[in-house]
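Just so we're aligned: the sequence shown equals residues -25 to -1, 1 to 307 in mature numbering (1 follows the signal peptide of the UniProt record, and there is no 0). Using N, Cα and C, we set each Cβ at its ideal position, and we do this for glycine too. Predicted model only: the values in this text are computed from it and were never measured. Below is one structure, written out as structure tokens; the observations come after it.
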Amino acid sequence: MSRTRTERLVNLVICLLSTRRFLTAAQIAATVPGYEHDPEDARDHEAFQRKFERDKAELRELGVPLETGTASAFDAEPGYRIAHREYALPDILLEPDEAAAVGIAARLWQHAGLAAAASSGLAKLRAAGVDVDPQATLGLEPMVTVDPAFAPLTAAARDRREVGFDYRVPDRDAPSRRRLQPWGVVCWRGRWYVVGHDQDREATRCFRLSRVVGAVRVTGAPGAYEPPANVDLISHVARWSGPVERTGRATVLATPGRAAGLRRWAVEVTAGPDGDRLVLPYADPDGLAGHLVGYGPDVRVLDPPEVREAVIQRLKEIAVRHDELAVGGGAR
């Protein structure tokens, strides 16, 4: 299945989950990205209908409980919705490594533009007078962002195109120019890395995306190279980054009965009247902050100040991102 069709199907599911009423094909076409067409043009409208029929069949094959019906007895045209009672998942308990995998998927979801498209679609539903349930898709729009270099590097790796970028390492003041044939982008210990063939050094290299300075420039033609077969990108990053020394200690206040992942990680847990104090080992403040913000109001940093400030900065970035999506969604 193509990425465009996948995004369209995801947005169709979000649209149908976000309202209890049946939506007609015309309402869906005006709401879901990928269904844009001129209903007055017979051929264009026929193409939309074929596409919509294929997508409905695909959703049903995937087990999505798509229902057909009408909003009232006066409606002549049938509509569609997803049965919440049949689509809802039971509580799922994840191990720490499984939760980390879900977190990576959430980052990919957010950066791929699906969240912005979904927000735009829901805004269109509201503008059309359709009652939207704000809780229906709770959790489908994570606000954990990735580095700006993520999108161009993943696209270049997919298209097999050489790139150039400026890269700063901790022991140097000025960034240096790198030319890379990217093989792929992976997440390792909360950081994003690109792995590929360094053209200048004629060797395999890993680069942390947060250290890329400025824009990534695509310099090569599509299909210009072929990565090694069955290459293990994570293993390359693990060998390059070396073991993580968690010499720092942070104290956080957790709501009783919540933040189970942090409790497994903590080296000390002390119950108190205002919550449970957890002592967490960490390697760098920003990496820990990125982990803590995922627990929302259930966790508050007490010490040290560098971790607390890193969390505050992350939360400010999330707030800005929410505002951008709200403005972008309302303007469409």
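Problem - Residues of its chain near Arg289, where Cβ-Cβ distance is below 7 Å and the 5 sequence neighbours each way are ignored - result: Residues of the same chain with a CB within less than 7 Å of the CB of Arg289, apart from the 5 flanking positions on each side, are Ala264, Gly265 and Val268 in chain order.
Handout entry: Where Leu208 falls: helix, strand or coil (DSSP)
Key = Three-state result, Leu208: helix.
Problem - Closest by C-alpha distance to Glu243, when choosing among Glu33, Phe(-4) and Val227 - result: Ranked by how close their Cα comes to the Cα of Glu243, the residues Glu33, Phe(-4) and Val227 have Val227 in first place.
Problem - Thr(-2) to Arg56 span [Cα, whole Å] - result: Taken atom to atom, the span from the alpha-carbon of Thr(-2) to that of Arg56 is near 9 Å.
Exercise for the section: Within its chain, find whatever has a CB closer than 6 Å to the CB of Ala234; leave out the 5 residues flanking it on each side and keep chain order. Expected result: The residues are Tyr270, Asp273 and Val274.
Exercise for the section: Assign Thr124 to buried or exposed, taking buried as 16 or more other Cβ atoms, counted over all protein chains shown, within 10 Å of its Cβ. Expected result: Strictly speaking, residue 124 in this sequence is Ala, with Thr absent from that position. A residue is called buried once 16 or more other Cβ atoms fall within 10 Å of its Cβ, and Ala124 is buried on that count.
Handout entry: Residue from Val169, Arg176 and Pro127 with nearest C-alpha to Leu184
Key = Ranking the options by Cα distance to Leu184, first place goes to Val169.
Exercise for the section: Whole angstroms is fine: what's the gap from Gly9's alpha carbon to Ile3's? Expected result: Roughly 10 Å separates the two Cα atoms.
Handout entry: Check whether Ala229 and Gly250 have beta carbons under 8 Å apart
Key = Contact annotation: Ala229 and Gly250 have beta-carbon atoms nearer than 8 Å.
Handout entry: Selection from Ser151, Leu208 and Val(-16) that minimises the alpha carbon distance to His172
Key = The residue with the shortest Cα to Cα distance from His172 is Leu208.
Exercise for the section: Output the boundary residues of the alpha helix (DSSP H) element that contains Thr129. Expected result: Run containing Thr129: Phe125 to Asp134, per the alpha helix (DSSP H) assignment.
Exercise for the section: Return yes when the Cβ of Ala258 is within less than 8 Å of the Cβ of Gly236, no when it is not. Expected result: Result no, Cβ atoms of Gly236 and Ala258 do not sit closer than 8 Å.
Handout entry: Chain-order list of residues whose beta-carbon lies under 7 Å from that of Asp72 (same chain, five-residue window excluded)
Key = Reliability of the predicted coordinates at Asp72 is poor, the pLDDT of 48 falling under 50, and the value obtained from them is presented with this limitation in mind. If we look at Asp72 and ignore the five residues flanking it on each side, it has no Cβ neighbours.
Practice task
Could you tell me if Asp278 is buried or exposed, where buried requires 16 or more neighbouring beta carbons within 10 angstroms of its beta carbon?
Solution key: Counting Cβ neighbours within 10 Å, Asp278 comes out exposed, since fewer than 16 surround it.
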